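Remarks on the structure that follows.
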Amino acid sequence: MLLAAALVTPNVASAARPDPTIAATSLPAATPGQTVIGAGDLIDIQVYDVQQLSFQGIRIDPAGHFSYPLLGTIDAQGKAPQVLSAEMAEGLRRYLVNPQVTVFVKESATNTVTVIGSVTEPGKFKLIGHTSLMDAVALAKGFTRIADQKQVTILRTIGGQQTAALFDMRKIRRGEMTDPPLLGGDKVVVGINHLEAAWRDALLAAPLLGIFAQLNN
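Quick note on numbering: the sequence shown equals residues -15 to -1, 1 to 202 in mature numbering (1 follows the signal peptide of the UniProt record, and there is no 0).
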């Protein structure tokens, strides 16, 4: 069966399985190197020529919000700095003539990707510039011997819902499938090749079970 990237919303209550032949383009496009704001981030806000409305070191609260004069509570969760700048400028137009707002992410707590499963060094890694799925696996020092490279999943939260897309790394290397760019907060899960795992377990148990097996160099 051909495996392609299928974006689905996990639903354990449903007996229907997602169609594995959905095109890879079903994964929402990510802007390469895109930074989005999230809980715990530290941001600076500059309003051109209005010092009273320019601030440094504003911490985003756990809900993704922060307070700002004139505008009250602002929802910054999941927004790019440019998007938030435009929204704030629009709100300030009620008080200022042609306000120019710039939002900077001074310290990012969310611009990371987590890689777990059958990789050599699972962990959380900082996204720097354009980071693709293959880059993330490389940051985790590559696959283990029992990794199932046909079963590599990206988990991504979109609009408050967790979604998943399945990728075949062999096809990506052959250029048959797009190597998707990652976003901050993504989680990469590398599956296990159960046949390889069972074979390895048999080798480890061989001295006890009296099983003869040839080791591959």
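C-beta: ideal position from N, C-alpha, C; glycine also.
Quick caveat, the model's predicted, so the values are computed rather than measured.
Between the Cα of residue i and those of the options, spot the shortest distance and give me the residue it belongs to.
{"i": "residue 121", "options": "132, 129, 108", "result": "108"}
{"i": "residue 117", "options": "54, 41, 157, 130", "result": "157"}
{"i": "residue 92", "options": "174, 27, 163, 171", "result": "27"}
{"i": "residue 119", "options": "95, 163, 146", "result": "163"}
{"i": "residue 50", "options": "68, 38, 22", "result": "22"}
{"i": "residue 174", "options": "142, 160, 165, 151", "result": "151"}
{"i": "residue 44", "options": "62, 149, 178, 128", "result": "62"}
{"i": "residue 106", "options": "98, 124, 69, 90", "result": "124"}
{"i": "residue 155", "options": "141, 171, 137", "result": "137"}
{"i": "residue 41", "options": "64, 83, 56, 89", "result": "89"}
{"i": "residue 129", "options": "176, 64, 70", "result": "176"}
{"i": "residue 133", "options": "57, 94, 104", "result": "104"}
Could you check what DSSP says for residue i in three-state terms: helix, strand or coil?
{"i": "residue 106", "result": "coil"}
{"i": "residue 156", "result": "helix"}
{"i": "residue 114", "result": "coil"}
{"i": "residue 149", "result": "strand"}
{"i": "residue 70", "result": "helix"}
{"i": "residue 120", "result": "helix"}
{"i": "residue 49", "result": "coil"}
{"i": "residue 23", "result": "coil"}
{"i": "residue 63", "result": "coil"}
Between residue i and residue j, what straight-line distance do the alpha-carbon atoms span, to the nearest angstrom?
{"i": "residue 100", "j": "residue 87", "result": "33 Å"}
{"i": "residue 153", "j": "residue 167", "result": "16 Å"}
{"i": "residue 110", "j": "residue 135", "result": "22 Å"}
{"i": "residue 48", "j": "residue 60", "result": "8 Å"}
{"i": "residue 127", "j": "residue 85", "result": "45 Å"}
{"i": "residue 169", "j": "residue 81", "result": "34 Å"}
{"i": "residue 46", "j": "residue 25", "result": "6 Å"}
{"i": "residue 146", "j": "residue 140", "result": "10 Å"}
{"i": "residue 79", "j": "residue 160", "result": "51 Å"}
{"i": "residue 96", "j": "residue 68", "result": "16 Å"}
{"i": "residue 66", "j": "residue 102", "result": "32 Å"}
{"i": "residue 38", "j": "residue 20", "result": "23 Å"}
{"i": "residue 54", "j": "residue 178", "result": "55 Å"}
Counting only C-beta atoms, is residue i closer than 8 Å to chain E at any point?
{"i": "residue 107", "result": "Included in the structure is just one protein chain, with no chain E present."}
Just list the residues that DSSP pairs residue i with in beta bridges.
{"i": "residue 172", "result": "99, 140"}
{"i": "residue 133", "result": "176"}
{"i": "residue 28", "result": "43, 90"}
{"i": "residue 166", "result": "117"}
{"i": "residue 76", "result": "Partner(s): none; residue 76 has no beta bridge."}
{"i": "residue 57", "result": "53"}
With respect to 7 Å, is the separation between the Cβ of residue i and the closest non-hydrogen atom of the ligand SAM below this value?
{"i": "residue 151", "result": "Summarising the ligand content, the structure contains no ligands, and the ligand SAM is consequently not present."}
Check whether the region 30 to 41 and the region 73 to 84 are in contact - that is, three or more C-beta pairs closer than 8 Å.
For the pair of segments examined, the region 30 to 41 was found to touch the region 73 to 84: the number of CB pairs separated by less than 8 Å reaches three.
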